[in-house]
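The number in the numbering used here is simply the position in the sequence shown, starting from 1, with 1 added.
Each residue gets a CB set at the ideal place from its N, CA and C atoms; glycine is no exception.
As structure tokens, the structure follows; a few thoughts come after it.
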Amino acid sequence: MNDSSLPLADRTLFALAEGYAWLPNRMRETSDDVLRTRLLGQQAIAVRGPDAVRFFYDERHVRRDGAIPEPVRGTLFGHGAVHTLDGEAHRARKSLFLPLLHLDSVTGLVEEVSAAWEEAERSWSAAPAPVVLFDEAGVILTRGVCRWAGIPLEDDAARALAGDLQAMVDGFATLGPRHWRARRARGRQQARLARLVEDVRAGRLPIPPAPDGVLARVAGHRDASGGLLDARTAAVELLNVIRPTVAVSWFVAFAAHALHRWPGTRERLRAGDTAYATAFAHEVRRFYPFAPFLGGRAVRDLTWRGVPIPAGALVLLDVYGQHHDDRLWKDPYVFRPERFAGRPPGPDELIPQGGGDPAEGHRCPGEHMTIGLLEALAFRLARLTYTVPEQDLTIALRRIPTRPRSGFALTDVRVPADRTVDA
Numbered sequence: 002m003n004d005s006s007l008p009l010a011d012r013t014l015f016a017l018a019e020g021y022a023w024l025p026n027r028m029r030e031t032s033d034d035v036l037r038t039r040l041l042g043q044q045a046i047a048v049r050g051p052d053a054v055r056f057f058y059d060e061r062h063v064r065r066d067g068a069i070p071e072p073v074r075g076t077l078f079g080h081g082a083v084h085t086l087d088g089e090a091h092r093a094r095k096s097l098f099l100p101l102l103h104l105d106s107v108t109g110l111v112e113e114v115s116a117a118w119e120e121a122e123r124s125w126s127a128a129p130a131p132v133v134l135f136d137e138a139g140v141i142l143t144r145g146v147c148r149w150a151g152i153p154l155e156d157d158a159a160r161a162l163a164g165d166l167q168a169m170v171d172g173f174a175t176l177g178p179r180h181w182r183a184r185r186a187r188g189r190q191q192a193r194l195a196r197l198v199e200d201v202r203a204g205r206l207p208i209p210p211a212p213d214g215v216l217a218r219v220a221g222h223r224d225a226s227g228g229l230l231d232a233r234t235a236a237v238e239l240l241n242v243i244r245p246t247v248a249v250s251w252f253v254a255f256a257a258h259a260l261h262r263w264p265g266t267r268e269r270l271r272a273g274d275t276a277y278a279t280a281f282a283h284e285v286r287r288f289y290p291f292a293p294f295l296g297g298r299a300v301r302d303l304t305w306r307g308v309p310i311p312a313g314a315l316v317l318l319d320v321y322g323q324h325h326d327d328r329l330w331k332d333p334y335v336f337r338p339e340r341f342a343g344r345p346p347g348p349d350e351l352i353p354q355g356g357g358d359p360a361e362g363h364r365c366p367g368e369h370m371t372i373g374l375l376e377a378l379a380f381r382l383a384r385l386t387y388t389v390p391e392q393d394l395t396i397a398l399r400r401i402p403t404r405p406r407s408g409f410a411l412t413d414v415r416v417p418a419d420r421t422v423d424a
């Protein structure tokens, strides 16, 4: 029921208690994919579906400025990040990230991360304790993305950096201890990268970064005003390259979960079917939960499906609900990579990293990198031989972001026959 004359009760506590299921549960009470509610004391309108995605990403309707709560800015994105901008300021800052769309960038990152994975396999084979895949994937992705981006990183510092980057993601949707760990992690890494940017600008690095590399581009980027980013904002945007890459560790843990629950997928991946690997990556991103919803603010008084949206109201796009809508996906709660065989998902259907045009709008420009990384690492994971010991593989929908509770532990890891282990 969406009678705009009725007062709205605040649903923040329900959102915290129900997690990913909160909006889908409320949406079931409506018949038109739009819901009036109140969140964090503010009026909010939730929408869902491909038409709603196009509505949400139209800058004439919804803006990001002032929409992202401070707890999310202070942990996940950073203050002053590209995600918080609109219009020409957003387009100028977004140009910094557009080279990530190029095939060479995707290929280069995947190659660096794949090499780091194969290095790690050697230690897994000899590990006396279970290998926690979520943790190890974070270290691998950190090493790979720093090499690719030209960010100096000592080998013994990779695990600490990976832990901080994962903490930033893990703490954005809670006000408890995870949130404060995320804030401390961001403070540490933002300060370190700001110093690095200053060193690049002053020519103090022993090995100057490649001029077309990520580090040099960020250090030399000029915003719409024509001025260089201040060192803190430059550090924020460096983190907005490496942090989302390390967030792929959630999808790697989900991929292992899928291989375990649906072992038939392992043989298809092992066979080297690249089209199936792409379909598998899409299905992991659809089936498993990551972002529950996305938020913006109404630019002006609007109407959606007959429901008025006052200027300044929160507009929520129900991501998890859309990915499990049986009108878009047959048997949405069944893991079925074949649904994407020969049919790439529509840009407004599958939206784990936002919708719209990545070149002009707020869709993540690193989406192709996420897909490429997930394809490559799922293939390598499928080729490993290992034992899944007794553990808690629960994926709790109340926890945001969620993952297999154990992190997915492996024992008795054996590398593929065509790879050797150093003596």
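Residue 240 holds the alpha-carbon nearest to the alpha-carbon of residue 192 among 168, 157, 240 and 173. CA-to-CA, the gap between residue 58 and residue 155 works out to about 40 Å. Within the region 320-352, the complete alpha helix (DSSP H) segments of 4 residues or longer fall at 320-324, listed in chain order. With a minimum length of 4 residues, the unbroken runs of alpha helix (DSSP H) contained wholly in the region 240-318 fall at 249-262, 265-271 and 275-288. Going by C-alpha positions, residue 142 is about 34 Å away from residue 56. Between residue 286 and residue 351 a beta carbon distance of about 7 Å is seen, short of the 8 Å cut, so the two are scored as contacting. In summary, residue 34 is buried, with 16 or more beta-carbon neighbours lying within 10 Å of its beta-carbon over all protein chains present.
DSSP, read as helix, strand or coil, puts residue 108 in helix. The alpha carbon of residue 266 has as its nearest neighbour, out of 383, 397, 54 and 413, the alpha carbon of 383. In this structure residue 295 is buried. Its beta-carbon is surrounded by 16 or more other beta-carbon atoms within 10 angstroms.
Taking a C-beta distance under 7 Å as the contact criterion, residue 83 and residue 356 do not qualify as a contact pair.
Look at the beta carbons and you see the region 128-141 touching the region 407-417: at least three pairs across the two are nearer than 8 Å. Annotated three-state conformation of residue 17 is helix, per DSSP. Here DSSP, grouped into helix, strand and coil, assigns residue 410 to strand.
The beta carbon of residue 164 lies closer than 6 Å to none in the same chain, with the five residues before and after it left out. In this structure, residue 284 and residue 340 form a Cβ contact; the two beta carbons are roughly 7 Å apart against a cut-off of 8 Å.
Below 8 Å, enough C-beta pairs join the region 65-82 and the region 165-178 to call them touching: three or more.
In this structure, DSSP gives residue 389 a state outside helix and strand, which the three-state scheme calls coil. Contact between the region 40-49 and the region 135-149 is absent, with fewer than three C-beta pairs closer than 8 Å. Nearest to residue 180 by C-alpha distance, out of 272, 342, 73 and 216, is 73. Taking 7 Å as the cut-off, the Cβ atoms of residue 36 and residue 13 do not count as close. In the three-state DSSP reduction, residue 38 falls in the strand class (E or B). The straight-line gap separating the alpha-carbon atoms of residue 86 and residue 201 is approximately 26 Å. Setting aside the 5 residues that flank it on each side, residue 113 is surrounded in the same chain by 145, 148 and 149, each with a C-beta closer than 6 Å to its C-beta; the list follows chain order. Between residue 133 and residue 316, the CB-CB gap reaches or exceeds 7 Å. Inter-segment contact for the region 308-315 and the region 323-338 is absent: fewer than three beta-carbon pairs are separated by less than 8 Å. With a cut-off of 8 Å on Cβ pairs, the region 88-105 is in contact with the region 235-249, counting three or more such pairs. The DSSP-derived three-state label of residue 223 is strand. Under a 10 Å Cβ-count criterion, residue 258 is classified as buried, with 16 or more other Cβ atoms of the shown protein chains found around its own Cβ.
Residue 320 and residue 206 have their C-alpha atoms some 43 Å from each other. Its chain contains 83 as the residues whose beta carbon lies nearer than 7 Å to that of residue 91, once the 5 sequence neighbours on both sides are disregarded; these appear in chain order. Relative to the Cα of residue 189, the nearest Cα in the group 386, 370, 233 and 399 belongs to 233. Ranked by Cα distance from residue 160, the first of 208, 121 and 277 is 121. Here DSSP, grouped into helix, strand and coil, assigns residue 190 to helix.
With respect to the 7 Å criterion, residue 210 and residue 217 are classified as neighbours on the basis of their beta carbons. Residue burial annotation: residue 166 is buried, with at least 16 other C-beta atoms found within 10 angstroms of its C-beta.
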